[in-house]
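Following: one structure in structure tokens, then a few remarks.
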Amino acid sequence: MSTHLQSEAAALAAAGHDHWIETLEDGSHVLIRPLRSEDRELERAFLERLSPLTRKLRFHAVVKISDALLDSLMDVDYQQNMAFIALAHVDGELREVGISRYAAGEASGQCECALTVADEWKRRGLEQVLMRRLIEVARRNGFSEMYSVDQAIDRDMRDLARELGFCAQLDPDDATRVVRRLEL
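At position 20 of the sequence shown the residue is numbered 19 (numbering that gives the first Met the number 0), and the sequence of numbers has no breaks.
Here it is in structure tokens:
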């Protein structure tokens, strides 16, 4: 494990912050912790490094990385809106390589989730790690159902959702999208 990640983890522990280090399927290590307000520039850089396809799959459209978008993504209260950030040292720099999040839905007890992993970090097991922790925290915070709205062409999300036990159906309002639900 990188000494940079170890020192980052030690600093977080000393400050009393919840965090953990995961070893992924390829042996690489990531530090995962709740998203904090000081992560804004990490989030901006992460979004800017995503491929156009990954960004479109996440946001369902071509989006400009704006202050307004970042404001909405950084709005986390750790109960109704939660996000976990995955960090790794890449070329001597601490980078965001993935994020999972949920936000309370319109119906009581529901939360909508989203997951984004950097293109070069996909298929290493990071998706499962981030989503399992998110599901666990949503349950603990009293949600009874988690759902996502994904592009029907997104095979990675289809496979991950199936592995995690989500049920899927076409979005009745948009046949290019799939709604996936998980009873918590």
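Using N, Cα and C, we set each Cβ at its ideal position, and we do this for glycine too. Note that this is a predicted model, so its numbers are computed, not measured.
Supposed contact pair residue j and residue i - C-beta distance, whole angstroms, cut 8 Å
i, j, result
"Gly-108", "Phe-142", "6 Å"
"Asp-158", "Thr-53", "Asp-158 to Thr-53, Cβ: 16 Å. No contact."
"Gly-104", "Tyr-146", "7 Å"
"Arg-122", "Cys-112", "Not quite, the Cβ-Cβ distance comes to about 20 Å (not below 8 Å), so this is no contact."
Residue i versus residue j - alpha carbon distance
i, j, result
"Gly-15", "Leu-181", "Because Gly-15 sits at a pLDDT of 44, beneath the cut-off of 50, its placement in the model cannot be relied upon, and the point is left open."
"Leu-185", "Arg-138", "No answer is possible for residue 185: it lies beyond the span of the chain, which begins at 0 and ends at 183."
"Arg-39", "Ala-174", "34 Å"
"Asp-172", "Val-178", "10 Å"
"Val-62", "Asp-70", "14 Å"
"Asn-232", "Met-156", "No information on residue 232 is available, as it lies outside the stretch 0 to 183 that the chain covers here."
"Gly-124", "Ala-106", "31 Å"
"Thr-22", "Phe-83", "16 Å"
"Asp-149", "Arg-176", "5 Å"
"Ala-151", "Arg-94", "29 Å"
Residue i burial status per 10 Å Cβ neighbour count (16 or more: buried)
i, result
"Ser-65", "exposed"
"Glu-24", "exposed"
"Ala-13", "With a pLDDT of only 37 at Ala-13, under 50, the local geometry of the prediction cannot be trusted, and the value read off the model is given with reservation. When all chains shown are included, Ala-13 counts as exposed."
"Glu-126", "buried"
For residue i, the first and last residue of its enclosing alpha helix (DSSP H)
i, result
"Ala-82", "First-last for Ala-82: 80-89, but that is the beta strand (DSSP E), not the alpha helix (DSSP H)."
"Ser-99", "First-last for Ser-99: 92-103, but that is the beta strand (DSSP E), not the alpha helix (DSSP H)."
"Leu-46", "39-48"
| said: Runs of 4 residues minimum, wholly inside the region 136-183: which ones carry the alpha helix (DSSP H) assignment? | reply: 154-163
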